[in-house]
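Numbering (my numbering), first residue to last: 16 to 307. Ideal Cβ positions, reconstructed from N, Cα and C, are used throughout, including at glycine. As the structure is a computational prediction, the values presented were derived from the model and not from experiment.
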Amino acid sequence: MMARVGVIGLGVMGYRVAANLAKAGLLAGVYNRTRARAEDFRRSYPQVEVFATPSDLADRVDYIITVLSDDNAVSAVVGNLLPHLRGKVLIDMSTISPTTSVSLAKEVSNVGGVMFDAPMMGTSVDVEQKRITVLVGGPKDRYAEVEPILSATSGRVVYVGPNGMGLYMKLAGNMIFAIFMNGLAEAINFALRAGLSPDQIIDLFLNISGTRSPSSSLKVPKMLNSDYSVQFALKHMRKDTEIMIREAQKLGVPVPLTSLASNMFRMSEGLGLGDFDVSAIAEFYRKLSQQR
C-alpha cells in the first residue's frame with residue numbers, strides 16, 4: 016500500500032517539495048497558512064486535497080512533512096498536532112535549532128509518534144531539479160520508512176544519526192556558505208572598484224580561482240547582474256547563522272567568522288534586503304562603498 020503523505024508549509028522550498036511528491040504519486044494533501052497558495056498548488060495538482068487545518072491533514076495521512084520558517088513556527092505546528100500524531104511519522108524539513116528539534120521529537124514520541132529532522136542542503140532550484148541532499152536525524156530503525164519518501168524529492172538522502180544530527184550537519188554546511196557569501200560579495204565589490212570587468216570576475220571565480228564551486232557558479236552571476244530573485248532568502252540565512260551561534264555557545268565552540276557574517280546579514284536586512292536572495296549581500300557591500 017502506497018504511503019499517504021501530507022505537506023504543511025508551501026513556501027519557496029515547501030511548494031517544490033510538495034510538487035515532487037505529487038509527481039511521484041505520494042502526496043495526498045497540503046496545508047498552507049495562506050490558503051490561496053494551497054489552492055494555487057491544487058490547480059497544478061488537482062488530485063491533491065487542500066486541508067483547512069494542519070490537524071485535518073494529520074488525521075488523513077500517514078506521513079506529515081513540515082517545511083516552515085523557524086523554531087517558533089515548527090514548535091507551534093507540532094504542539095497543535097500532538098493529539099493527532101499517535102501512530103504517525105512527522106518529518107520536519109525546516110532548518111531549526113537541533114535543541115528545539117530534539118525536544119519536539121521527545122514530545123512526539125511521548126504521544127506515540129515518530130519524528131525525524133530532515134533539513135535540505137541546496138536551493139529552491141536544486142529542489143525543483145531534485146538535486147538537493149536531505150540530511151536525516153532520527154530513529155534508525157524507522158529510517159527505511161522515510162527514505163523512499165525523501166528520495167522522491169531529492170538527489171541524495173543521508174542518514175546522519177539520532178534526532179538533531181541532521182540539523183547539526185546542515186548547520187555546519189551552512190556555516191561555510193554564510194561565510195563564503197560574504198567573502199564573494201566582498202571580493203566582487205573590491206574587483207569591480209579596482210576596474211575588473213564582470214566577464215573577468217566571472218572567469219576568475221568560475222575558472223581560475225580555487226574557490227570554484229556550485230555555489231560560486233550560481234551566485235557570482237547573480238551578484239554581478241544584481242539579480243536577487245529568491246533561491247534562498249537572505250533573512251533565512253541570517254536566521255540560520257543565529258541558530259549556529261546559539262548552538263556553538265552550548266557546545267563551547269568559537270565561531271568568530273560566523274558571528275561576523277551574521278552581523279553583515281543583519282545589517283543587510285536593516286537596509287531592506289531580507290526578502291531578496293542571499294546574494295543580495297553584494298548590494299550591502301556596494302552601499303558601504305558608496306558611503307565613502
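N-terminal and C-terminal residue of the alpha helix (DSSP H) that Tyr174 is part of: Premise fails: Tyr174 lies in the beta strand (DSSP E), Arg171 to Gly176, not in any alpha helix (DSSP H).
Is the distance from the Cβ of Gly198 to the Cβ of Lys250 below 8 Å? No. Outside cutoff.
So does the stretch 95 to 107 actually touch the stretch 130 to 149, counting three or more Cβ pairs closer than 8 Å? Below 8 Å, enough C-beta pairs join the stretch 95 to 107 and the stretch 130 to 149 to call them touching: three or more.
Would you say the stretch 251 to 261 touches the stretch 269 to 277, given that touching needs at least three Cβ pairs under 8 Å? Contact holds: three or more Cβ-Cβ distances are below 8 Å.
Measuring only the C-alpha atoms, how far is Arg57 from Leu25? About 11 Å.
Could you check the C-alpha separation between Ser70 and Asp55 for me, to the nearest Å? Rounded to whole angstroms, Ser70 to Asp55 spans 21 Å at the Cα level.
Under 8 Å: do the stretch 208 to 217 and the stretch 140 to 154 share three or more Cβ pairs, one atom per stretch? Contact between the stretch 208 to 217 and the stretch 140 to 154 is absent, because fewer than three Cβ pairs lie under 8 Å.
Option in Ala91, Pro163, Gly179 and Met180 with minimal Cα separation from Val172: Comparing Cα positions, the closest option is Pro163.
Using a 10 Å radius around the Cβ and a threshold of 16 neighbouring Cβ atoms, would you call Ser231 buried or exposed? Ser231 should be labelled buried.
Should Pro134 go down as buried or exposed, given a rule of 16 or more other Cβ atoms within 10 Å for buried? A residue is called buried once 16 or more other Cβ atoms fall within 10 Å of its Cβ, and Pro134 is buried on that count.
The alpha helix (DSSP H) spanning Thr114 covers which residue range? According to the DSSP assignment, Thr114 belongs to the alpha helix (DSSP H) that extends over Pro113 to Asn125.
Check each candidate in Asp74, Ala67 and Asn178 and name the one with the smallest Cα separation from Arg157. Of Asp74, Ala67 and Asn178, the residue nearest in Cα terms is Asn178.
Assuming Thr168 and Lys185 form a contact by the criterion Cβ under 8 Å, report the distance between their Cβ atoms to the nearest whole angstrom. About 16 Å separates the beta carbon of Thr168 from that of Lys185, a gap too long to meet the 8 Å contact definition.
Going by the beta-carbon positions, is the gap between Ala43 and Gly21 smaller than 8 Å? Going by C-beta atoms, Ala43 is nearer than 8 Å to Gly21.
Quick one, which of Ser90, Asn125, Tyr60 and Ala295 has its alpha-carbon nearest Thr115's? Checked all of Ser90, Asn125, Tyr60 and Ala295; the closest Cα to Thr115 is Ser90.
Same chain, Cβ closer than 7 Å to Tyr170, neighbours up to 5 away in sequence not counted: The identity of residue 170 in the sequence shown is Gly, whereas the question assumes Tyr. The answer, listed in chain order, is Lys145, Arg146, Ile147 and Thr148.
Am I right that Ala297 and Ala200 are in contact with their C-beta atoms under 8 Å? What's the rounded C-beta distance? Contact holds; Cβ gap of about 4 Å.
Under DSSP, the alpha helix (DSSP H) around Ala37 begins and ends at which residues? For Ala37, the enclosing alpha helix (DSSP H) covers residues Val27 to Lys38.
Taking Cβ to Cβ, would you say Val82 is nearer than 8 Å to Val32? With contacts defined by Cβ atoms closer than 8 Å, Val82 and Val32 form a contacting pair.
Among Val175, Leu36 and Ile23, whose alpha-carbon lies nearest the alpha-carbon of Thr49? Looking at the Cα atoms, Ile23 is the closest of the given residues.
Secondary structure at Gly181, three-state DSSP: helix, strand or coil? Three-state result, Gly181: helix.
Report whether the distance from the Cβ of Leu266 to the nearest heavy atom of the ligand ADP is below 7 Å. For the structure depicted, the ligand ADP is absent and the ligand set is empty, with no information on it obtainable.
Where does Val245 sit, in a helix, a strand or coil, going by DSSP? Note: Val245 maps to coil in three-state DSSP.
Tell me which same chain residues have a C-beta within less than 7 Å of the C-beta of Gly181, skipping the five on either side of it? The residues Asp132, Ala133, Pro134, Leu150, Val151, Gly152 and Val175, in chain order, have a CB closer than 7 Å to that of Gly181 in the same chain once the five nearest residues on each side in sequence are set aside.
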